[in-house]
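K.L.:
Going from the sequence shown to the numbering used here is simple: count from 1 and add 87. One structure, as structure tokens, below. Some questions next.
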Amino acid sequence: MRVFVFGNEDLEMDSLPIRILPRLKKEFPSIDFEVKDPNEEWEISENKELIIIDTAIGIKKVTIFDSLERFSKTPRVGMHDFDALTNLRFLQKLGKIEIIKIISLPLDIKESEAIKKVSAILR
88 MRVFVFGNED LEMDSLPIRI LPRLKKEFPS IDFEVKDPNE EWEISENKEL IIIDTAIGIK
148 KVTIFDSLER FSKTPRVGMH DFDALTNLRF LQKLGKIEII KIISLPLDIK ESEAIKKVSA
208 ILR
């Protein structure tokens with residue numbers, strides 16, 4: 088399994104996915120975690136599944152979005168929402184994505200809690 092991780096370690100409010108990444112890699116050595124930029128091209132796996140971990144503004148708890156429709160209708164603005172959503176819609180339209188899971192982390196969650204919640208989801 089491969090998981091894309093969005094974030095910017097230079098911005099405190101956008102760095103949580105990057106900060107928890109070493110612990111996730113240690114806990115899940117069989118998962119291929121890749122830090123990605125939403126503006127770049129992504130190579131999607133042959134099974135057309137995409138899992139993303141990102142920070143989102145305006146959510147109160149770790150939230151899993153399992154469709155782009157649900158992701159785009161949520162009343163919040165994430166750090167990468169516009170660029171990522173545009174790219175994801177394009178890839179879906181091309182038939183390169185059939186299954187999507189966006190694991191969104193709220194801004195005010197503690198690292199230990201984020202690791203616990205994301206780990207439970209990845210299991």
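Using N, Cα and C, we set each Cβ at its ideal position, and we do this for glycine too.
Using DSSP with H/G/I as helix, E/B as strand and the rest coil, what is Ser191?
P.N.:
Looking at Ser191 - three-state DSSP - the assignment turns out to be strand.
K.L.:
If you count every other CB in all the chains shown that lies within 10 Å of the CB of Thr142, and 16 or more means buried, which is it?
P.N.:
Answer is buried; the Cβ neighbour count reaches 16.
K.L.:
Quick check on this structure: which residue in Asn174, Lys135, Asn95, Ser191 has the alpha carbon closest to the alpha carbon of Lys148?
P.N.:
Of the listed residues, the one whose Cα sits closest to Lys148 is Ser191.
K.L.:
Is the number of C-beta pairs between the region 177-187 and the region 117-127 that are closer than 8 Å three or more?
P.N.:
Judged by Cβ distances under 8 Å, the region 177-187 makes no contact with the region 117-127, as fewer than three pairs qualify.
K.L.:
Can you list, in chain order, the residues of its chain with a C-beta nearer than 6 Å to that of Asp119? Leave out the 5 residues immediately preceding and following it.
P.N.:
So the list reads Arg89, once near-sequence residues are dropped.
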